[in-house]
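*Asks:* Numbering (this note's numbering), first residue to last: 5 to 309.
A virtual CB, placed ideally from N, CA and C, is assigned to each residue, including glycine.
Note that the structure is predicted; figures quoted are calculated from it, not measured.
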Amino acid sequence: MIQGSSASLFVQVVEEGSFSAAARVLGVAPSSVARQIRQLEDGLGTRLFQRTTRKQSLSEAGELYYQHAKRAVEELEAARAAISRLSGAPSGVLTVTAEPDLATALIAPLLPGFLADHPDIKVKLQFSSALEDLVEGRIDVAIRMGQLKDSSLIARKIFDSRSQLYASPGYLEAHGAPSHPAELAGHQCLSFRPDAQKVVWRFQTQLGECAVPVAGRIQANGLAFLKSLAVSGCGIVMIPEWAVAQELRSRMLVPVLAGFDAIPASTPVYAVYSARRHLEPKTRAFAGHLANEMSGRRAGQLGSG
């Protein structure tokens with residue numbers, strides 16, 4: 005017989021990779037996890053893990069038990085979801101993945117209201133810039149920027165992200181403010197494309213599209229890092245409006261070439277989830293909350309509290 009709580013804990017330990025990692029997710033002490041696993045092993049009369057000073061792996065019995073326990077846990081989750089749908093009350097652990105900067109600007113300010121509205125939901129947020137497999141990663145919602153290529157997923161548009169050029173007042177005082185995109189070739193431009201051999205920024209002008217090869221001594225794939233460099237006066241950065249809301253209010257950064265629109269003018273941001281036949285209430289509630297909160301708000305207001 006597979007006991008629900010013991011099986012769930014065992015599966016959590018296997019999938020998180022260690023007792024301590026599972027303990028962090030569950031919010032309990034590692035010693036508590038270890039004690040419950042020992043009790044499970046005593047009840048089964050076998051060792052589920054092979055332990056050494058450096059490594060922990062499943063025993064042969066552990067592999068077998070995991071296959072059955074995982075199915076049992078999934079069945080219990082499905083049963084709870086069915087009851088939740090019947091009662092209409094979203095509940096359970098909601099696993100969300102998002103790029104770190106976007107999660108900080110978008111999700112963090114909205115979580116208090118969401119959790120207050122749904123007291124039976126717990127949120128597990130995973131920071132990642134990769135496009136994970138939602139089903140394999142057991143992810144309920146992914147927040148993603150840009151056009152989606154996987155047609156098997158369901159996407160709900162949250163808002164359009166607009167990028168603009170910004171620099172510190174100190175940089176502009178020292179190097180002058182460009183009056184046309186073509187003048188960017190003579191400036192230090194902080195690029196988000198460290199893997200590109202040639203970086204080109206494109207703008208819409210009265211005479212059509214203007215493509216400017218830009219150069220700079222620093223390239224990185226982190227928005228927060230590039231923003232910090234721009235604030236320090238290291239150059240001009242092209243960055244989404246939502247990422248610099250606080251810096252604009254404090255005038256640590258100011259717009260550059262505000263009369264010229266970058267191409268593309270905007271990038272869609274989606275809440276993405278797998279195309280299951282029955283969408284769980286917790287997932288539907290979270291996607292709806294994000295869309296409702298963003299409705300009518302400009303992307304530049306994100307992070308303003």
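So who's on the other strand from W205, going by DSSP bridges?
*Replies:* Here residue 205 corresponds to residue number 201 of the sequence shown, with the count starting at 1. V216.
*Asks:* P240 and C193: beta carbons closer than 8 Å?
*Replies:* Taking the sequence shown and counting its residues from 1, the one referred to as residue 240 is at position 236. Taking the sequence shown and counting its residues from 1, the one referred to as residue 193 is at position 189. A small correction: the amino acid at residue 240 is Ile; Pro does not occupy that position in the sequence shown. Their beta carbons are under 8 Å apart, which means I240 touches C193 by this criterion.
*Asks:* Straight-line CA distance for T209 to A26?
*Replies:* Position 205 of the sequence shown, counted from the start, is the residue given in the question as residue 209. Position 22 of the sequence shown, counted from the start, is the residue given in the question as residue 26. Those two C-alpha atoms are separated by around 54 Å.
*Asks:* What separation, rounded to the nearest whole angstrom, lies between the Cα atoms of E140 and Y274?
*Replies:* Reading the sequence shown from its first residue, position 136 is the one you call residue 140. Reading the sequence shown from its first residue, position 270 is the one you call residue 274. Each residue's alpha carbon lies about 20 Å from the other.
*Asks:* Looking only at C-alpha atoms, which of D265, K286 and H122 sits nearest to S165?
*Replies:* Translated into positions along the sequence shown, residue 165 becomes position 161. The candidate whose alpha carbon is nearest that of S165 is D265.
*Asks:* Going along the chain, which residues of its own chain have a beta-carbon closer than 7 Å to the beta-carbon of I243, five neighbours each way excluded?
*Replies:* The residue you call residue 243 lines up with position 239 of the sequence shown. Answer for I243: S167, Y170, L227, L230 and K231, listed in chain order.
*Asks:* Which term fits E251, buried or exposed, when burial requires 16 or more other beta carbons within 10 angstroms of its beta carbon?
*Replies:* Within the sequence shown, numbered from 1, the residue matching residue 251 stands at position 247. Buried, since its Cβ has 16 or more Cβ neighbours within 10 Å.
*Asks:* Just the C-alpha distance for R142 and V248, rounded to the nearest angstrom, thanks.
*Replies:* To locate residue 142, count along the sequence shown from 1; it is residue 138. To locate residue 248, count along the sequence shown from 1; it is residue 244. For R142 and V248, the distance between alpha carbons rounds to 32 Å.
*Asks:* Pick out the complete beta strand (DSSP E) segments inside the region 247-290, 3 residues or longer, and give them in chain order.
*Replies:* Taking only runs of at least 3 residues, the beta strand (DSSP E) segments lying wholly in the region 247-290 are 258-260 and 271-278.
*Asks:* Is it buried or exposed for V15, if we count other Cβ within 10 angstroms and need 16 for buried?
*Replies:* In the sequence shown, residue 15 corresponds to position 11, counting from 1. By the neighbour-count rule (16 or more Cβ atoms within 10 Å), V15 is buried.
*Asks:* Going by C-alpha to C-alpha distance, which of V218, P116, H293 and I111 sits closest to P185?
*Replies:* Within the sequence shown, the letter at position 181 stands for residue 185. The shortest C-alpha separation from P185 is found at V218.
*Asks:* Do you know offhand how far G21's Cα is from G237's?
*Replies:* Numbered from its first residue, the sequence shown carries residue 21 at position 17. Numbered from its first residue, the sequence shown carries residue 237 at position 233. Going by the C-alpha atoms only, they are around 43 Å apart.
*Asks:* With 16 other CB atoms within 10 Å as the buried threshold, where does A262 fall?
*Replies:* Locating residue 262 in the sequence shown gives position 258, where the first residue counts as 1. By the neighbour-count rule (16 or more Cβ atoms within 10 Å), A262 is not buried but exposed.
*Asks:* Compute the distance between the beta-carbons of Q54 and S61, then report whether it is under 8 Å.
*Replies:* To locate residue 54, count along the sequence shown from 1; it is residue 50. To locate residue 61, count along the sequence shown from 1; it is residue 57. Cβ distance < 8 Å, so Q54 and S61 count as in contact.
*Asks:* Relative to the alpha-carbon of H293, which residue among E187, L257, R160 and S195 has its alpha-carbon at the smallest distance?
*Replies:* Numbered from 1 along the sequence shown, position 289 holds the residue referred to as residue 293. Looking at the Cα atoms, R160 is the closest of the given residues.
*Asks:* How big is the Cα-Cα spacing for A76 and I111?
*Replies:* Residue numbering aside, residue 76 sits at position 72 when the sequence shown is read from its first letter. Residue numbering aside, residue 111 sits at position 107 when the sequence shown is read from its first letter. Roughly 32 Å between the two C-alpha positions.
*Asks:* Where do the ends of the beta strand (DSSP E) carrying S317 lie?
*Replies:* For residue 317 there is no data in the structure shown, the boundaries of the chain being 5 and 309.
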